[in-house]
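Asker: If you count the sequence shown from 1, position 24 lands on 59 in the working numbering, and the numbers rise without skipping.
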Amino acid sequence: MSNIDTPNAPDTNEADQDSAIHEARLWRDNGWTARVIKNEDDEGWAVAMIKDGESEPALVGPWTMGRDKKNPKPLDTPAFHTLVKTASEVLRRHEQQLHADLHKSVTVNTANASITVTLDIVPDEDDPYALLAAQDEAGDQLAEVRVAANFKLTRSSAADWIEAEYRKPR
36 MSNIDTPNAP
46 DTNEADQDSA
56 IHEARLWRDN
66 GWTARVIKNE
76 DDEGWAVAMI
86 KDGESEPALV
96 GPWTMGRDKK
106 NPKPLDTPAF
116 HTLVKTASEV
126 LRRHEQQLHA
136 DLHKSVTVNT
146 ANASITVTLD
156 IVPDEDDPYA
166 LLAAQDEAGD
176 QLAEVRVAAN
186 FKLTRSSAAD
196 WIEAEYRKPR
């Protein structure tokens, strides 16, 4: 991402967030703010998409020059809707990745059953930890223990835990 100058950043008070703004370089509507900004890295322009209540943009991307090849193309309804859709998708993918990083699952087939072992990381600032749990095929919980947040869940570590009769791993 490029270094960008964001003068006149949108106010975050509720009155501003509730009112729609449809200007050439600032468009606020439906919980989003699009701001066309000067790109400091080159001569062009960029657009920053900020979701209401957030301090950082969800998306910053290049913006088209206007006909005079000097000023940016003005924002309009179709462009804003496209930007909202793109920024929402970026946030959705980020949330999916965060979920995948915090929630792991493996299935271990034993002689008697198929057991699903999950690891749910709780990223607490002061005391991060994880919950290691086992469920049988019917979804009934067989065990749950608290482990270090950096516990590595693999098929092998899950099988070892099952073999150890669900005693807390070291």
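Even for Gly, the Cβ is constructed at its ideal location relative to N, Cα and C.
This one's a predicted model, so the numbers in the text were calculated from it and none came from an experiment.
Span of the alpha helix (DSSP H) holding Glu75?
Answerer: What you label residue 75 is simply residue 40 of the sequence shown in a count that begins at 1. That residue, Glu75, is in no alpha helix (DSSP H); it is neither H nor E in DSSP.
Asker: Would you tell me roughly how many angstroms separate the C-alpha atoms of Thr151 and Glu200, rounded to the nearest one?
Answerer: Position 116 of the sequence shown, counted from the first residue, corresponds to residue 151. Position 165 of the sequence shown, counted from the first residue, corresponds to residue 200. Near 14 Å, if we compare the C-alpha coordinates of Glu200 and Thr151.
Asker: What are the start and end residues of the alpha helix (DSSP H) that includes Ser192?
Answerer: Translated into the one-based positions of the sequence shown, residue 192 becomes position 157. Per DSSP, Ser192 belongs to the alpha helix (DSSP H) from Arg190 to Glu198.
Asker: Distance, Cα to Cα, Trp67 vs Trp80?
Answerer: As a first step, residue 67 is located in the sequence shown; it is residue number 32 there, counting from the start. As a first step, residue 80 is located in the sequence shown; it is residue number 45 there, counting from the start. Straight-line Cα distance between these residues: approximately 19 Å.
Asker: Under the three-state reduction of DSSP, which class applies to Ser54: helix, strand or coil?
Answerer: On the sequence shown, position 19 is the one that residue 54 refers to. Of the three classes helix, strand and coil, the one that applies to Ser54 here is coil, per DSSP.
Asker: Can Ala59 and Leu110 be called in contact, C-beta distance under 8 Å?
Answerer: Taking the sequence shown and counting its residues from 1, one reaches residue 59 at position 24. Taking the sequence shown and counting its residues from 1, one reaches residue 110 at position 75. In this structure, Leu110 lies closer than 8 Å to Ala59 by Cβ.
Asker: Using 10 angstroms around the beta-carbon of Ile85, count the other beta-carbons present and answer buried if the total reaches 16, otherwise exposed.
Answerer: Indexing the sequence shown from 1 puts residue 85 at position 50. With 16 or more other Cβ atoms within 10 Å, it is buried.
Asker: With C-beta atoms as the reference, is Leu177 less than 8 Å away from Ala169?
Answerer: Your numbering for residue 177 matches position 142 in the sequence shown. Your numbering for residue 169 matches position 134 in the sequence shown. A contact, by the Cβ cut-off of 8 Å.
Asker: Would Glu172 and Ala193 qualify as a contact pair, given that the criterion is a beta-carbon distance under 8 Å?
Answerer: In the sequence shown, residue 172 corresponds to position 137, counting from 1. In the sequence shown, residue 193 corresponds to position 158, counting from 1. No, these two residues do not count as a Cβ contact at 8 Å.
Asker: Can you tell me whether Pro163 is buried or exposed, with buried defined as 16 or more other CB within 10 angstroms of its CB?
Answerer: For this step, residue 163 is matched to residue 128 along the sequence shown. The residue in question, Pro163, is exposed, as its Cβ has fewer than 16 Cβ neighbours within 10 Å.
Asker: Less than 8 Å between the CB atoms is what I'm expecting for Leu167 and Trp196, so what's the real figure, rounded?
Answerer: As a working note, residue 167 is residue 132 in the sequence shown. As a working note, residue 196 is residue 161 in the sequence shown. Contact flag correct, Cβ pair sits at about 7 Å.
Asker: Are three or more beta carbon pairs between the stretch 136 to 146 and the stretch 83 to 102 nearer than 8 Å?
Answerer: Contact fails: fewer than three Cβ-Cβ distances are below 8 Å.
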